[in-house]
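Chains as they are written, first to last, in this note's numbering: chain V, 92 to 203; chain H, 16 to 131. Glycine included, C-beta positions come from ideal geometry on N, C-alpha and C. Keep in mind that this is a model prediction, so the values were computed, not measured.
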Amino acid sequence: DVKVTQSSRYLVKRTGEKVFLECVQDMDHENMFWYRQDPGLGLRLIYFSYDVKMKEKGDIPEGYSVSREKKERFSLILESASTNQTSMYLCASSRDRGNIQYFGAGTRLSVL
Amino acid sequence: AQKVTQAQTEISVVEKEDVTLDCVYETRDTTYYLFWYKQPPSGELVFLIRRNSFDEQNEISGRYSWNFQKSTSSFNFTITASQVVDSAVYFCALRSRGSTLGRLYFGRGTQLTVWP
């Protein structure tokens, strides 16, 4: 079975802190994705990556950056967390373009 | 442009009722894929089905069935004899040939609550 693991289920941070959300997949997938999920807005794509050290902006990249130093790991970084970044963050991976995306359990981030 | 609309924000049914979740999509591409995912209260999105644009056959898997109609750009999902465990948020998603690097476009989801 494909396994996508997000390092934390719940996280509480203070405004202005630098926050790292980690995601690891164990299926040697090429593509990895970060989404945020907010009530009434569904899933919105923040960033995605199709190879090591490669990244593409999604629909809402402002205030976020990403890092993919190894194929299995894709990190989402909030350089200076703000309260409007309080949300559920979901990581996903897929084998190649157009293939099924497999999701992690999500990280619920609260920024106070 | 790619877009997915799930007009039903919330649906409540009583156990054993049948329920249909609607999904309407927009794309200019002739080659595309449609997906349904389930998100139970635990939070993880679970893949349910993928259909490609060249296969309009309806699909049935146990109590689940999917009706794909290109003429109306819809990909509706029906649960027969619903159960409490079906309570979840359901997302419809689209990937078209023009989608950058295989990204998916999601609808806003439908919260299904099945009461005992």
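DSSP state of residue i mapped onto helix, strand, coil
{"i": "N82 (chain H)", "result": "strand"}
{"i": "T96 (chain V)", "result": "strand"}
{"i": "G122 (chain H)", "result": "coil"}
{"i": "G133 (chain V)", "result": "strand"}
{"i": "Y174 (chain V)", "result": "The amino acid at residue 174 (chain V) is misidentified as Tyr; the sequence shows Thr. In the structure shown, T174 (chain V) sits in a helix (DSSP, three-state: H, G or I)."}
Beta-ladder partner(s) of residue i, from DSSP
{"i": "E90 (chain H)", "result": "The residue you asked about is not Glu; residue 90 (chain H) is Phe in the sequence shown. Its beta-bridge partners are H:F83."}
{"i": "Y210 (chain V)", "result": "Absent from the structure is residue 210 (chain V), since the part of chain V shown begins at 92 and ends at 203."}
{"i": "Q54 (chain H)", "result": "H:V104"}
{"i": "L167 (chain V)", "result": "V:L112 and V:V157"}
{"i": "L102 (chain V)", "result": "V:L200"}
{"i": "N122 (chain V)", "result": "V:S185"}
{"i": "N67 (chain H)", "result": "H:Y48"}
{"i": "T128 (chain H)", "result": "H:S27"}
6 Å Cβ shell around residue i - same chain, five flanking residues per side excluded
{"i": "R199 (chain V)", "result": "Y101 and M179"}
{"i": "D187 (chain V)", "result": "E121"}
{"i": "G131 (chain V)", "result": "none"}
Which listed residue (the options) has its alpha carbon closest to that of residue i
{"i": "S171 (chain V)", "options": "V:E153, V:C182 and V:A183", "result": "V:E153"}
{"i": "P148 (chain H)", "options": "H:T125, H:S102, H:G122 and H:L119", "result": "Residue 148 (chain H) falls outside the range modelled here, since chain H spans only 16 to 131, and no answer is possible."}
{"i": "L60 (chain H)", "options": "V:L136, V:S201, V:Q97 and V:F194", "result": "V:F194"}
{"i": "G52 (chain H)", "options": "H:R112, H:V28 and H:Y79", "result": "Strictly speaking, residue 52 (chain H) in this sequence is Tyr, with Gly absent from that position. For the residues H:R112, H:V28 and H:Y79, the minimum Cα distance to Y52 (chain H) belongs to H:Y79."}
{"i": "F106 (chain H)", "options": "H:L63, H:T42, H:R112 and H:V29", "result": "H:L63"}
{"i": "L112 (chain V)", "options": "V:M118, V:N190 and V:Q176", "result": "V:Q176"}
{"i": "T136 (chain H)", "options": "H:Q17, H:V19 and H:Q23", "result": "A question about residue 136 (chain H) goes unanswered here, because the residues of chain H that appear run from 16 up to 131."}
{"i": "T45 (chain H)", "options": "H:I75, H:A16, H:G124 and H:S27", "result": "H:A16"}
Cβ neighbours of residue i in the same chain (closer than 7 Å, five flanking residues each side left out)
{"i": "Q128 (chain V)", "result": "L134, S178, M179 and L181"}
{"i": "T20 (chain H)", "result": "V39 and G122"}
Beta-carbon proximity list for residue i, same chain, < 8 Å, skipping 5 on both sides
{"i": "G117 (chain H)", "result": "R110"}
{"i": "F139 (chain V)", "result": "N122, M123, F124, W125, K146, E147 and G149"}
{"i": "L203 (chain V)", "result": "V103, K104, R105, T106 and T174"}
Any contact of the region 147-161 of chain V with the region 119-136 of chain V, i.e. 3+ C-beta pairs under 8 Å? yes
Could you say if the region 156-168 of chain V and the region 69-86 of chain H meet the contact criterion of at least three C-beta pairs nearer than 8 Å? no
For the pair the region 87-98 of chain H and the region 16-34 of chain H, tell me if three or more CB-CB distances fall below 8 Å. yes
Determine, using beta-carbon pairs with one atom in the region 36-45 of chain H and one in the region 155-162 of chain V, whether at least three such pairs fall under 8 Å. no
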